[in-house]
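S.K.: What follows is a structure written as structure tokens; I'll ask about it next.
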Amino acid sequence: MAYEQRKIPFIGATDTNPENKPFWDGCAAGKLVLPRCKDTGKFIWYPRGISPWTFGPVEWVECSGKGKIYTFSLMRGTPPYCIAYVELAEGPRMMTNIVDCDLAVVKIGQDVTLKFVPSENGPPMPMFTPA
Amino acid sequence: MSLKGAGYIVGAFEHPTRKAPDKSVALLHAECAKGALEDAGLTKDDIDGYFCAGDAPGSLGPLSMVDYMNLKCRHVDSTDVGGSSYQVAVGHALEAIAAGRCNIALITLSGRPRSEGQATGTAPRAGNPAWPELQFEYPYGPATANMYAMCATRHMYEYGTTSEQLAWIKVAASHHAQHNPNAMLRNVVTVEDVVNSPMVASPLHRLDCCVISDGGGALIVAKPDIAKSLKRPLVKVIGVGESPKHQMAGEVDLVYSAARWSGPPAWEMAGIKPSDIKYASIYDSFTITVLMQLEDLGFCEKGQGGKFVADGNLISGVGKLPFNTDGGGLCNNHPANRGGITKIIEAVRQLRGEAHPAVQVKNCDLAIAHGTGGSLGTRHCGSTVILERE
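Protein sequence lines, in the order shown, are assigned to chains A and B.
Residue numbers for the first sequence follow the numbering used here, beginning at 1319 and rising by one.
Residue numbers for the second sequence follow the numbering used here, beginning at 118 and rising by one.
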């Protein structure tokens, strides 16, 4: 099945929550940059400027872009799209889309790799495609 | 201080409409309030506490509706946790009654997504970019259906749950709905009908999804001495619990719901166990919602929900756990896209012996009504109410 890319909507400006600037700067540069808790060393999804484990500080770290599909659902429509949680090599499970592949054969546990997809009115968004 | 028995449900009313283009949401709320008061044998001047949630029109919680209905209240609460808000409201009403902050609490829900043409299950809902998660989720197209579907995909992967097992939940609801003249979908369906209906968000088919309906409901919760002075059968609240569950900062686990946390305090307060329950109202936005909540409330082992619901085990008069005997959200009604209150209303009918004779559970003395509000795939609240006929 030929892949057709859905238009990606984006709401608001990326400086609405200004502490997430490193994430959006990363997206613009084609890098997945996530906050990591400085107390526990754990990566955080979704991005935020305070550790959700300790309320301590975070540092922004580039991720490898590798992960495995934790779960997904193929949404019927025109065009169809695949929403998923991908478990990053760094630990957290992030909501994303699986793109640029035959969506009929997407599977839990599949290795995937980072791919940025442009959004309308916003930055490119981190998505994943089979590795 | 235990809240066990601190309040009784003395009035319950489900609006008969399923499509109300000629009525406002505020009017539907007031009509539901009127119906519940008549059911209880009370008047509006008896109400001194009002509880509502995000479906109540107005920008400041309960204020527009207390103004519209001209209520004089000593206590208000507008905790909004989606479709689970009304079980939460029962618990909060018990707290308020026990604290002496009100004696007779009114809880209302109404909405008309059907008349307003909302594609509520399949269209991602926009929001405010100041919501901390919005810009990290909305671009990926999260809709109600695919959020619950991702839970089903993972549940199938971990436990071998099948689409046919999920379909049995809809089959049971349809067996009950055939007896409900107000139900939107009254045709009995088969497992094959469900799994052959169009896929909406894999692995959920159209018939795995609840209806979109207008309507509403209301409850009156009163302190014990007032309840005992009324002429209606006594339905005592003996257990309540509430808990949110979310993405846990990236430690997402989609195979269980917040019922795992809202259930235990309710069971402990009630002093009973799942096998004591004669009738269960279980939130049924989707078939997978029911299956996960049954597991998480302890009706079966985790992962065994598929086997538990199969072969008619949820059909009244057939299986061991009659559920949603009004047809539930899957067939009867899901007013305002929030099914919590109708779950409590049908449990009250069962305990009073006022359910349809074809689905009435014999000697129904203990019932549970569990709600799930929000999105099972991201953040939601579970809320549990256990009721006893006295």
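Idealized CB from N, CA, C, for every residue including glycine.
Quick check on N1335(A) - is its C-beta less than 8 Å from some C-beta in chain B?
M.R.: The residue you call residue 1335(A) lines up with position 17 of the first sequence. Chain B, which has a Cβ nearer than 8 Å to the Cβ of N1335(A), makes this yes.
S.K.: Would you mind telling me which residues of chain A sit closer than 8 Å to R271(B), beta carbon to beta carbon, in chain order?
M.R.: Sequence index remark: in the second sequence, residue 271(B) carries index 154 (1-based). Those within 8 Å of R271(B) in chain A are Y1388, T1389, I1426.
S.K.: Mark K390(B) as exposed unless 16 or more other C-beta atoms lie within 10 angstroms of its C-beta, in which case mark it buried.
M.R.: Taking the first residue of the second sequence as 1, we reach residue 390(B) at position 273. Exposed, by the Cβ-count rule.
S.K.: In the DSSP assignment, the alpha helix (DSSP H) including T1396(A) goes from what residue to what residue?
M.R.: Translated into positions along the first sequence, residue 1396(A) becomes position 78. Taken as a continuous stretch (DSSP letters only), T1396(A) belongs to no alpha helix (DSSP H), as it is neither H nor E.
S.K.: With respect to 7 Å, is the separation between the Cβ of D482(B) and the closest non-hydrogen atom of the ligand GDP below this value?
M.R.: Of the ligands one can find in the structure shown there are none, so the ligand GDP has no counterpart to examine.
S.K.: In the DSSP output, what is T1414(A) paired with across the bridge?
M.R.: Sequence index remark: in the first sequence, residue 1414(A) carries index 96 (1-based). Bridge partners of T1414(A): A1402(A).
S.K.: Establish whether the CB of L251(B) and some CB of chain A are separated by less than 8 Å.
M.R.: Position 134 of the second sequence, counted from the first residue, corresponds to residue 251(B). Yes - at least one Cβ of chain A is within 8 Å of the one on L251(B).
S.K.: Is H322(B) helix, strand or coil when you go by DSSP?
M.R.: What you label residue 322(B) is simply residue 205 of the second sequence in a count that begins at 1. H322(B): strand per DSSP, three-state reduction.
S.K.: Would you mind working out which of Q477(B), A206(B), G333(B), E368(B) sits nearest A143(B), comparing C-alpha positions?
M.R.: As a first step, residue 143(B) is located in the second sequence; it is residue number 26 there, counting from the start. Of Q477(B), A206(B), G333(B), E368(B), the residue nearest in Cα terms is G333(B).
S.K.: So, at 6 Å on beta carbons, what are the nonlocal neighbours of F440(B) in its own chain, with the 5 sequence-adjacent residues on each side left out?
M.R.: Taking the second sequence and counting its residues from 1, one reaches residue 440(B) at position 323. Excluding sequence neighbours, F440(B) sits near A397, I399, L431.
S.K.: Checking contacts by CB at 8 Å: is G258(B) closer than that to chain A?
M.R.: In the second sequence, counting from the first residue as 1, residue 258(B) sits at position 141. Interface residue, yes.
S.K.: Taking only three categories from DSSP, how would you classify S374(B)?
M.R.: Here residue 374(B) is taken as the residue at index 257 of the second sequence, counted from 1. Three-state result, S374(B): coil.
S.K.: Taking G1409(A) as the query, report the chain B residues whose CB atoms sit under 9 Å from its CB, ordered along the chain.
M.R.: Here the question's residue 1409(A) lines up with position 91 in the first sequence. In chain order: G367, E368.
S.K.: Use the C-beta contact count for G445(B): other C-beta atoms within 10 angstroms, 16 or more gives buried, fewer gives exposed.
M.R.: Here the question's residue 445(B) lines up with position 328 in the second sequence. With 16 or more other Cβ atoms within 10 Å, it is buried.
S.K.: Comparing C-alpha positions only, which one of P474(B), F253(B), V357(B) sits nearest to I485(B)?
M.R.: For this step, residue 485(B) is matched to residue 368 along the second sequence. Here the closest residue by C-alpha is V357(B).
S.K.: Based on the DSSP output, what are the partners of V478(B) in its beta bridges?
M.R.: By one-based count along the second sequence, residue 478(B) stands at place 361. Answer is none; V478(B) lacks a bridge partner.
S.K.: For H293(B), which three-state DSSP category applies?
M.R.: Within the second sequence, numbered from 1, the residue matching residue 293(B) stands at position 176. It is helical.
S.K.: What do you reckon, are the CB atoms on V317(B) and A236(B) nearer than 8 Å?
M.R.: Taking the first residue of the second sequence as 1, we reach residue 317(B) at position 200. Taking the first residue of the second sequence as 1, we reach residue 236(B) at position 119. No, they are not a contact pair.
S.K.: Output yes if chain B places a C-beta closer than 8 Å to the C-beta of D1416(A); else output no.
M.R.: Reading the first sequence from its first residue, position 98 is the one you call residue 1416(A). Reading the sequence as shown, one finds Ile at residue 1416(A) and not Asp. No, its Cβ sits nowhere closer than 8 Å to a Cβ of chain B.
S.K.: With DSSP as the reference, identify every bridge partner of T1447(A), one or two as the case may be.
M.R.: If you number the first sequence from 1, residue 1447(A) lands on position 129. Beta-bridge pairing links T1447(A) to T1431(A).
S.K.: Tell me whether S134(B) is buried or exposed, calling it buried when 16 or more other Cβ atoms sit within 10 Å of its Cβ.
M.R.: Reading the second sequence from its first residue, position 17 is the one you call residue 134(B). In the sequence on display, residue 134(B) carries Thr and not Ser. With 16 or more other Cβ atoms within 10 Å, it is buried.
S.K.: If you measure from the beta carbon of F1328(A) to each beta carbon in chain B, is any gap under 8 Å?
M.R.: As a first step, residue 1328(A) must be located in the first sequence, where it is residue number 10. Closer than 8 Å: yes.
S.K.: Nearest by alpha-carbon distance to V328(B): which of V502(B), R231(B), V183(B) is it?
M.R.: For this step, residue 328(B) is matched to residue 211 along the second sequence. The residue with the shortest Cα to Cα distance from V328(B) is R231(B).
S.K.: Looking at L223(B): is its Cβ nearer than 8 Å to the Cβ of Y167(B)?
M.R.: As a first step, residue 223(B) is located in the second sequence; it is residue number 106 there, counting from the start. As a first step, residue 167(B) is located in the second sequence; it is residue number 50 there, counting from the start. Cβ distance < 8 Å, so L223(B) and Y167(B) count as in contact.
S.K.: Per DSSP, what kind of secondary structure is C498(B) in: helix, strand or coil?
M.R.: As a position in the second sequence, residue 498(B) is number 381, starting the count at 1. Looking at C498(B) - three-state DSSP - the assignment turns out to be strand.
S.K.: May I have the straight-line CA-CA distance separating M264(B) from P474(B), to the nearest angstrom?
M.R.: If you number the second sequence from 1, residue 264(B) lands on position 147. If you number the second sequence from 1, residue 474(B) lands on position 357. If you take the alpha carbons of M264(B) and P474(B), they lie about 37 Å apart.
S.K.: Straight-line CA distance for L251(B) to A173(B)?
M.R.: Residue 251(B) sits at position 134 when you count from the first residue of the second sequence. Residue 173(B) sits at position 56 when you count from the first residue of the second sequence. The alpha-carbon atoms of L251(B) and A173(B) are separated by roughly 23 Å.
S.K.: Locate the beta strand (DSSP E) running through H192(B), then write down its first and last residues.
M.R.: As a first step, residue 192(B) must be located in the second sequence, where it is residue number 75. Here the beta strand (DSSP E) through H192(B) covers 192-194.
S.K.: Between which two residues does the beta strand (DSSP E) holding W1342(A) run?
M.R.: Position 24 of the first sequence, counted from the first residue, corresponds to residue 1342(A). From DSSP, W1342(A) is part of no beta strand (DSSP E) but of the alpha helix (DSSP H) over 1339-1346.
S.K.: Should L1392(A) be flagged as near chain B, meaning a C-beta pair shorter than 8 Å?
M.R.: Within the first sequence, the letter at position 74 stands for residue 1392(A). Yes, L1392(A) counts as interfacial toward chain B.
S.K.: Would S360(B) and C268(B) be called neighbours here (beta carbons separated by less than 8 Å)?
M.R.: Position 243 of the second sequence holds residue 360(B). Position 151 of the second sequence holds residue 268(B). No, the pair does not count as a contact, with Cβ atoms beyond the cut-off.
S.K.: In whole angstroms, what is the alpha-carbon distance linking W285(B) and G238(B)?
M.R.: By 1-based counting over the second sequence, the position of residue 285(B) is 168. By 1-based counting over the second sequence, the position of residue 238(B) is 121. The straight-line gap from Cα to Cα measures roughly 21 Å.
S.K.: Consult DSSP for Y203(B) and reduce its assignment to one of helix, strand or coil.
M.R.: If you number the second sequence from 1, residue 203(B) lands on position 86. Of the three classes helix, strand and coil, the one that applies to Y203(B) here is helix, per DSSP.
S.K.: Using CA atoms only, rank isn't needed, just tell me which of P1353(A), R1354(A), S1369(A), F1446(A) is closest to D1429(A).
M.R.: As a first step, residue 1429(A) must be located in the first sequence, where it is residue number 111. Comparing Cα-Cα distances from D1429(A) to each of P1353(A), R1354(A), S1369(A), F1446(A), the minimum goes to F1446(A).
S.K.: So that I know if they touch, is there some Cβ in chain A lying closer than 8 Å to that of S291(B)?
M.R.: The count along the second sequence starts at 1 and reaches residue 291(B) at position 174. It does not; no Cβ of chain A falls within 8 Å.
S.K.: Quick one: list the residues of chain A neighbouring P246(B), beta-carbon separation under 8 Å, in chain order.
M.R.: Translated into the one-based positions of the second sequence, residue 246(B) becomes position 129. In chain order: I1329, G1330, A1331, T1334, N1335.
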